[in-house]
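Note sheet for the following structure.
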Amino acid sequence: MNTLTIGWLAGAFFLAFTTYLIPRFAKVFSFLVVIFSLGYGLALAAIKTPVSLRLLDNFGVSLLLDELTVFFVLTNALITLAVVLTTWETDRTPFFFAQLLTLHGSLNVAFAVTDWVSLYVALEVVAISAFLLITYSRQERVLWVGLRYLFVSNVAMLFYLVGAVLVYEAHHSFDFGGLRVAPPEAVALLLLGLLVKGGVFLLGFWLPMTHAEAEAPVSALLSGVVVKAALLPLLRCSLLMPEVESLVRGVGVATAVLGVVYALGERDVKRLLAWSTVSQVGFVLAAPAVGGFYALSHGLSKAALFLVAGRLPSRQLPQLRAQGVSWSLGLPWGLASLSMMGFPVLAGFGAKVLTMQQLWPWQTGLMSAAAVGTAVVYGHLLFVPWRWSGESPSSGLQGALAVLLGGLMLANGVDLDVFTGSEMGKALLTIALGWGLYWGVSRWWSLPLPHAGERLEHLLGMMSLGLVVLFWWVWAW
Amino acid sequence: MLLEACVFSTILLGFWGMLFKQNLLMKTIAMDVMSTGVVAYYVLAGGRKGLFTPIFQPGRAVDYADPVPQAVILTAIVIGLSIQALMLVAVMKLSRDYPTLEVRDMETKNMP
């Protein structure tokens, strides 16, 4: 298994660079890498024993692939597979596929490593390849959005680097475990970097514009897996240290509520989906032990929603309601929306039930409210009229949606114990309440919310405030 | 101690520049200043115990510098360089549409 792990991590990069030498095989290479990743993820899930590796002595790279990681590896493999299938018939250059492979590979590394410096390298490579994918069309608008993304993520990672060396000075290694003996400023700096990259709470205001303005397949990748590269380390740290756990749970709840509130104020489909990503990030963090399954179910349905959103006649909800969407797009769109709401028989249900069971008492009320809010938000997408005519989507997109929705069905097998009468009743009640609020209020009226927080200066300023708050929080432990 | 103060003021000045400079090119350069500060902090961390090059020779009992932070920061320097290069290319492309490169112009045009 160790050799296989190294081959899995290195293979993606090897083929990504080979793509530049043999551009003709770009699509084949990306397909092979993704299938290999999927197989590796499934094998990892089957053997059930964690793979733990330490390369190059005490200061080197440490890898850990446990049952939490499996979910992230599978999410990455399935979503990249869907993106490869969607873009197969398009005339995208080999450059796009090389970047796709680099992104896939570096995400795998980010999920596997458990030391601060390797994580830094992986996250920076993720940022670079994500930037190149966002700006693929070279339009002036996406260039600005990509540049803004790179600014925010790079500044966050510079703070993070200072934290990493402080951990090293205290612990003489870069392991995650060194956080326990690290001074408070180190913990604050590292957490700031991860919270910004993960799009958490007020530090995540960069996320909606970035995810909404990218092309549909790239948005699917960004929302589906890229944000999760910073969430897994947060989950790992919170499982290591109870103090971090209370912080992560706290910001998780705050993020879930904030994201839902902003999503309710949106009438642009892609921005609504992007704000919903912010809120779902909160759900992942709210219960760290089962966050992996939630990340998988959210990733699959969100990727499907973004892929469909790219083929819709308009991005504006009122216009979509007037025009209707063809049923062949509306069906996967509705299924993915139902999964996001936590409708039984789709993986979103199981994930939501497990998360809700793991909540601490004070979290329950707010998270239930956020779950109702999610049902309202996706009511907007679900209740778009269908047209029975209209062309069917390309076979590539059909394949991609089949992968994602099939994954959502199969992922139910993770935990079959959740299918009890009371849990199903609770889920249906939540959804019914959400739909009631949708038809009663939200369809006709939306709260105008300020968007000033999305300006670059405010994003950077929020980081300095976040650093101060985090520092005091850690100081008070 | 004085060195540490200088290093941190470099980091903070870089951050301050990113916040308060209106020109996109200046923001990019301010980010480079900030990353220079971070790199310097790693070098400083490596040199806390001693300054001699960490190459072992028999019979040479001196205070060696710690090679680990230096090795680590080398990777970060390369990453910083490539990000800087990418950002400058993007700034160059944007300068065709926004000749003054004022961030405010881009934001007013691209905000939701």
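First to last, the protein sequences are chains L and W.
For the first sequence, this note's numbering begins at 133 and goes up steadily by one.
For the second sequence, this note's numbering begins at 12 and goes up steadily by one.
Just so it is clear, CB atoms sit at the ideal spot from N, CA and C, and this is done for glycine as well.
Note that the coordinates shown come from a computational prediction; the quantities given were computed from them, not determined experimentally.
What is the DSSP secondary structure of residue 196/L, reduced to helix, strand or coil? strand
Rounded separation between residue 512/L and residue 268/L - CA only: 30 Å
DSSP has residue 113/W in a bridge; who is on the other side? 34/W
Proximal residues to residue 602/L (C-beta, below 7 Å), its chain only, five neighbours per side dropped: 320, 323 and 324
Among 227/L, 177/L, 198/L and 236/L, nearest to residue 141/L - alpha-carbon criterion: 236/L
Three-way DSSP call (helix, strand, coil) for residue 185/L in this model: strand
Return the residue from the list 438/L, 301/L, 379/L and 419/L that minimises the CA-CA distance to residue 407/L. 438/L
What residue range is occupied by the uninterrupted alpha helix (DSSP H) comprising residue 508/L? 493-514
In this structure, does DSSP put residue 74/W in helix, strand or coil? coil
Is there at least one Cβ from chain L nearer than 8 Å to residue 12/W's Cβ? no
Which residues in chain L have a C-beta closer than 8 Å to the C-beta of residue 108/W? List them in chain order. 272
Would you say residue 90/W lies against chain L (beta-carbon separation less than 8 Å)? yes
Rank 363/L, 282/L and 288/L by C-alpha distance to the C-alpha of residue 595/L and give the top, closest one. 288/L
May I have a chain-ordered list of the beta strand (DSSP E) segments no shorter than 3 residues that lie completely inside the stretch 519-589 of chain L? none
Please list, in chain order, the chain W residues whose beta carbon lies closer than 9 Å to that of residue 186/L. In chain order: nothing, as chain W lies at least about 15 Å away.
Starting from the beta carbon of residue 260/L, find every residue of chain W whose beta carbon is closer than 7 Å, and list them in chain order. 93, 94 and 97
For residue 327/L, the nearest candidate out of 526/L, 583/L, 548/L and 417/L (CA to CA): 417/L
Pick helix, strand or coil for residue 448/L, following the three-state DSSP scheme. strand
Chain-ordered neighbours of residue 293/L on chain W, where CB pairs are closer than 7 Å: 49 and 87
Under 7 Å, CB to CB, which of the residues in the stretch 41-68 of chain W have a partner in chain L? 42, 45, 46, 49, 52, 53 and 56
Under the three-state DSSP convention, the category residue 67/W falls into: coil
Between which two residues does the alpha helix (DSSP H) harbouring residue 106/W extend? Note, residue 106/W: premise wrong, no alpha helix (DSSP H); not H, not E.
In the DSSP assignment, what residue or residues form a beta bridge with residue 457/L? 518/L
Under the three-state DSSP convention, the category residue 313/L falls into: coil
Where does residue 245/L sit, in a helix, a strand or coil, going by DSSP? strand
Euclidean distance between Cα positions of residue 159/L and residue 226/L: 7 Å
Candidates 145/L, 183/L, 428/L and 467/L: closest to residue 254/L by CA position: 145/L
How would you label residue 70/W, buried or exposed, when you count the other beta carbons within 10 angstroms and need 16 or more for buried? exposed
Report back the beta-carbon spacing between residue 264/L and residue 361/L to the nearest angstrom; my notes put them in contact at under 8 Å. No, residue 264/L and residue 361/L are not in contact; Cβ-Cβ is about 16 Å, not under 8 Å.
Where residue 43/W sits in the DSSP three-state scheme: helix
Write down the C-beta distance between residue 257/L and residue 80/W rounded to the nearest angstrom, noting that I regard them as a contact closer than 8 Å. Contact flag wrong, Cβ pair sits at about 21 Å.
Only counting the same chain, and skipping five residues up and downstream in sequence, which positions put a Cβ closer than 7 Å to that of residue 121/W? none
Give a yes or no on whether 8 Å exceeds the smallest Cβ distance from residue 34/W to chain L. no
Cβ neighbours of residue 52/W in the same chain (closer than 6 Å, five flanking residues each side left out): 18
Quick test of your reading: residue 598/L and residue 334/L, contact by CB under 8 Å. State the CB separation rounded to the nearest angstrom. 7 Å
Which whole-angstrom value is the C-beta distance of residue 211/L and residue 357/L, which I expect to be below 8 Å? 5 Å
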